[in-house]
Every structure is written in structure tokens, then in C-alpha cells.
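Heads up: the structure comes next, in C-alpha cells.
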Amino acid sequence: MSSAFNVIATLIAKPGQQDILEPLLRGLLEPTRQEAGCEQYDLHQDLQHPETFYLLERWRDDAALADHDQSAHIQSFRAKAADVLAHFELKRLKFLA
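Here it is in C-alpha cells:
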């Protein structure tokens with residue numbers, strides 16, 4: 032039985048800050064996709080609310096996500112995005128069908 036799971040991360044920029052947040056998020060893509068436990072890591076932007084971004088993720092297991100959370104690129108992102116990020120939410124999902 033697989034312990035893999037999906038994640039939807041919602042990130043909302045402060046008003047007028049989406050043009051700063053977007054390149055910061057794009058900078059996470061390649062290093063995260065290189066992580067051993069990352070099976071999917073895709074960035075999306077809401078068409079009706081362009082300040083809202085979604086990362087659709089799939090992780091091999093809890094340890095892989097925990098390693099990602101402690102990675103240098105995530106720590107750097109947090110420091111750089113602190114002033115432009117209004118909201119962050121992470122939802123862990125179990126695939127059913």
C-alpha cells in the first residue's frame with residue numbers, strides 16, 4: 032500500500048504584490064522537482080484572482096514532505112516572501128478515485 036499523498040498549497044499575495052511572489056514561487060519548481068520524494072510540483076495562478084497561486088504537489092511519504100519543508104530553497108523562499116505573502120494554507124489530500 033502506497034503512503035504517497037497529494038498536497039494543495041494556496042498562497043495569496045498582498046495587494047499588488049503578485050508580480051513579486053510569482054518569480055519567488057517559480058524559483059521553487061526546479062529544486063523541489065529534484066528532491067527524491069517529490070513526484071509532482073506544479074504552479075498555477077487563479078484566473079479570477081491573480082494574487083492567488085496554487086502549488087499542486089505529490090509526495091512519496093511524510094518524510095519526503097518533511098525534508099522538503101526543511102530544505103534550503105524553502106527556507107530561503109520563506110525569508111524572501113515574508114513581506115509579500117498575505118496568506119498560506121497547506122491541505123494534505125488522500126487520493127480516492
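In this note's numbering, the protein residues as written are 32 to 128. By construction, the Cβ of each residue, glycine as well, lies at the ideal position given by its N, Cα and C atoms. Model, not experiment: these values are computed from the prediction.
Worksheet item: Going by beta carbon distance, what residues of the same chain come within less than 7 Å of Arg57, once the five residues before and after it are set aside?
Response: Counting from one through the sequence shown, the residue named residue 57 turns up at place 26. Annotation for Arg57: Leu74 place their beta carbon closer than 7 Å to its own, counting only its chain and skipping 5 residues before and after.
Worksheet item: Along the chain, which unbroken stretches of the beta strand (DSSP E) at least 3 residues long are found entirely within the region 48 to 123?
Response: With a minimum length of 3 residues, the continuous beta strand (DSSP E) runs that stay inside the region 48 to 123 are 69 to 76 and 83 to 90.
Worksheet item: Can you give the Cα-Cα distance for Leu121 and Leu127, rounded to whole angstroms?
Response: As a first step, residue 121 is located in the sequence shown; it is residue number 90 there, counting from the start. As a first step, residue 127 is located in the sequence shown; it is residue number 96 there, counting from the start. One C-alpha to the other measures close to 19 Å.
Worksheet item: Residues in its own chain within less than 7 Å of Glu88 by CB, not counting five upstream and five downstream?
Response: For this step, residue 88 is matched to residue 57 along the sequence shown. For Glu88, where only same-chain residues beyond five positions count, the Cβ hits under 7 Å are Asn37, Val38, Ala40, Gln71 and Tyr72.
Worksheet item: Do you know how far the Cα of Phe84 is from the Cα of Ala112?
Response: In the sequence shown, the residue the question calls residue 112 occupies position 81. In the sequence shown, the residue the question calls residue 84 occupies position 53. Roughly 13 Å between the two C-alpha positions.
Practice prompt. Can you say whether Ala103 is buried or exposed, counting buried as having 16 or more other CB atoms within 10 angstroms of its CB?
Written response: For the purposes of this step, residue 103 is taken as the residue at position 72 of the sequence shown. Counting Cβ neighbours within 10 Å, Ala103 comes out exposed, since fewer than 16 surround it.
Worksheet item: Helix, strand or coil: how does DSSP classify Phe126 here?
Response: Position 95 of the sequence shown holds residue 126. Of the three classes helix, strand and coil, the one that applies to Phe126 here is coil, per DSSP.
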